[in-house]
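In terms of full-length UniProt numbering, the sequence shown opens at residue 1 and continues consecutively.
The beta-carbon is built from N, C-alpha and C at its ideal position, and this holds for glycine as well.
If you're wondering where the values come from, they're calculated on a predicted model, not measured in any experiment.
Structure, as C-alpha cells:
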Amino acid sequence: MKGKSFWFLILGFSLSEILTALLTDGFHRITAESVILSSLVSLVLLLAIWYRYVDKPTSDFLDAINRAMRGDFRARFSCYDENDNFHRLSVSFNRLMTCVENQTEELKESRRLQIQLYENEKIYRSALELTCERIFEADLTHNRLIYGLEGYQRAFSFLNTEMFDDMIHSIADHAVYEEDQEKFFQTFDRRNLLETFRASQIPEITLEYRQRLPSGTLKWVSSSVIRSGNSGDGLKVIGYVKNIDERKKQELEILKQSRKDGLTGIYNKSFTQTLIEDFLAGTGKSGRHAAIMIDIDNFKRINDTLGHIQGDTALSQVALKLSGLFRCSDIVGRIGGDEFFVFMKDYSSSDTLTEKLNAVKNLFGEIRLEDSSYRVSGSVGVSLYPEDGAEYRELYKKADHALYYSKAHGKNQYHIYVGNTAENQKDVSSKMQMIQNPAT
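Pasting the structure below:
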C-alpha cells in the first residue's frame with residue numbers, strides 16, 4: 001500500500017501545479033508546454049500504477065498458470081501487497097501448487113516403485129522358469145489366469161480354461177493322486193487362498209503331493225502360491241511347481257528307516273508305541289482291541305548253541321510270519337531283543353481273538369534253523385482294550401504281566417490278563433468267556 005500512496009502523491013503534486021496556476025495567476029501563466037508536460041507525467045504515472053498493481057500481477061498469474069499447464073508444478077505467483085486481492089489470490093494459488101507438487105512427487109515415487117516391483121517380478125519369474133516345471137500368475141479376485149496357461153496346457157492337454165477355479169478342479173480330478181486330491185483342493189481353492197492371504201501375513205502357501213503321470217506312475221511335486229500384489233483391482237499371486245520326487249523319496253526312506261527295526265524290517269519300539277497312542281487318541285477310542293506281547297522261549301540258548309546268526313534268523317522269521325498273520329491295519333513291532341508286540345485293532349469276537357492267538361502260538365513251529373532238530377517256541381501275554389486300560393502304557397504293563405505268567409507256567413502258551421495274582425490269572429473264562437489255552 002505504501003507504493004501506491006507514493007505514486008498517487010506524485011500524481012497529485014503534478015495536478016496541483018496546474019490547479020494552483022489557474023487559481024492564482026489565471027490562464028496566462030499556463031503554457032501549452034506545461035499542460036502537455038503535466039499530462040504526460042500524469043499519464044506515465046497512471047500507466048506505472050496500472051502496470052505495477054494490475055497488469056504485472058495479472059501477467060505473472062497467467063504466466064504461472066501456463067507453466068503449471070505445461071507440467072511445471074514448481075510455478076509460483078507472488079504479490080507483495082498484503083491487502084490486495086491479488087495477494088490473497090497468490091497465497092491460495094501457491095498453496096494449491098504446493099499440494100499438486102507433493103502429490104505429483106508421491107505419484108512419481110509410487111510409479112517408480114511399481115516399475116521396480118514389476119522388474120523384480122520379471123527377474124523372479126525368469127529365475128522360477130529356470131528351476132521350476134511350471135509357473136503361472138493369477139488374479140484371484142477376478143478368477144482368471146494372467147500368465148502361464150500355455151505351460152500348463154503343454155503338461156496337461158485336458159486344460160482349456162483361463163479360469164483359476166476350473167484349472168484347480170481339472171488338475172485335482174485328472175493329475176493328482178486320489179489320496180492327495182482333497183488336500184490339494186482345500187489348499188488351492190480360490191476362496192480359501194483369498195481368505196488366508198487377506199486374514200494373515202502369510203506370504204506363501206505350499207503343498208507337497210503326488211502327481212499322477214499319463215503313464216500311471218506317481219511323482220512327488222511341490223506347488224506354491226505366493227502373494228505378488230494387492231492392488232485396488234484385485235489380489236494377484238504367482239504360483240510354481242517343482243519336481244521334488246528324488247528328494248521326497250529319500251526323505252521318506254530315511255523316515256521309514258527311522259521307524260523300522262533294522263534287523264526285521266517291522267516297526268521299532270518307539271514307533272510302535274507312537275502308532276498305538278495315536279490310534280487310541282483318535283479313531284481307536286471306540287471299539288475293542290487286543291495288545292499282544294510275544295517272547296521267543298529260550299532265545300539265549302539259540303544264540304549260545306547255534307550262534308547269533310541263527311538267532312537273527314529266528315527273529316527275522318518270527319517278524320515275517322507275524323506280519324503275514326495279521327492285517328495291514330494292525331500294528332506289528334519289535335520292542336526288545338526277542339520280544340514282539342502286536343496291536344490287533346477292532347477284533348470282531350472272542351472267537352476271532354482266540355483263533356488268532358492260537359495261530360501266533362503255532363507259528364513258532366514253522367521256524368526253520370540250520371539245526372533242524374531244534375524246536376522254537378514262544379510265549380504270549382494279552383491285555384484287552386478297554387477292559388484292561390485306555391492307554392498304551394497300561395495295556396503294555398498288563399500284557400507283560402500275562403506274558404510273565406505264561407513263561408512262569410511252562411512257556412509255549414498264551415494267557416489273557418485277568419488280575420495280578422496267579423489265582424486270578426487262571427480264571428480267564430470269567431473274562432469275555434475266553435478259555436485259557438493250555439500248554440502243549
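| Asked | Found |
| --- | --- |
| Extent of the continuous alpha helix (DSSP H) to which residue 351 belongs | 350–363 |
| Residues of its chain near residue 299, where Cβ-Cβ distance is below 6 Å and the 5 sequence neighbours each way are ignored | 338 |
| Neighbour-count burial assignment, residue 417, 16 or more Cβ in a 10 Å radius | buried |
| Whole-angstrom distance between residue 273 and residue 290, CA atom to CA atom | 14 Å |
| Rounded straight-line distance, which links the Cα of residue 148 to that of residue 396 | 56 Å |
| Cβ contact check for the stretch 373–393 and the stretch 279–290: 3 or more pairs under 8 Å | yes |
| Residue 150 to residue 163 span [Cα, whole Å] | 13 Å |
| Local conformation of residue 411 per DSSP, three classes | coil |
| Contact under 9 Å by Cβ, residue 226 with residue 208 | no |
| Local Cβ density within 10 Å of residue 268, reported as buried at 16 or more and exposed below that | buried |
| Residue 289 - containing beta strand (DSSP E), residue span | 289–296 |
| Range covered by the beta strand (DSSP E) that runs through residue 383 | 378–385 |
| Per-residue DSSP class, three states only, for residue 147 | strand |
| Simplified DSSP assignment, three categories, for residue 266 | coil |
| Contacts around residue 462, its chain only, beta-carbon distance under 8 Å, and the 5 residues preceding and following it disregarded | The displayed coordinates of the chain run from 1 to 440. Any statement about residue 462 would go beyond what the structure contains. |
| C-alpha gap between residue 297 and residue 414, whole angstroms | 12 Å |
| Segment contact flag, the stretch 308–315 with the stretch 356–372, C-beta cutoff 8 Å, min 3 pairs | yes |
| Three-way DSSP call (helix, strand, coil) for residue 218 in this model | strand |
| Start-to-end residues for the beta strand (DSSP E) that takes in residue 237 | 234–243 |
| Exposed unless 16 or more other CB atoms sit within 10 angstroms - verdict on residue 302 | buried |
| Cβ-Cβ distance between residue 332 and residue 357 below 9 Å | no |
| Limits of the alpha helix (DSSP H) - the one that residue 162 falls within | Looking at the DSSP string, residue 162 is not in any alpha helix (DSSP H), and its letter there is neither H nor E. |
| Beta-carbon contacts of residue 343 that lie in its chain and below 7 Å, excluding the five residues immediately before and after | 276, 289, 291, 330 and 331 |
| Alpha-carbon spacing of residue 467 relative to residue 336, whole angstroms | Summary: the structure shown does not reach residue 467, with the chain confined to residues 1 through 440, and so no result is reported for it. |
| Simplified DSSP state of residue 279, which is helix, strand or coil | helix |
| Three-state class that DSSP yields for residue 188 in the structure shown | helix |
| Which of helix, strand or coil DSSP assigns to residue 88 | helix |
| Local Cβ density within 10 Å of residue 75, reported as buried at 16 or more and exposed below that | buried |
| Distance CB(residue 317)-CB(residue 246) smaller than 9 Å | no |
| Cα-Cα separation, residue 270 to residue 315 | 18 Å |
| Closest by C-alpha distance to residue 376, when choosing among 295, 146 and 190 | 295 |
| Sequence-distant residues of the same chain with beta carbon closer than 6 Å to residue 321, five excluded per side | 363 |
| N- and C-terminal bounds of the beta strand (DSSP E) containing residue 140 | From DSSP, residue 140 is part of no beta strand (DSSP E); its letter is neither H nor E. |
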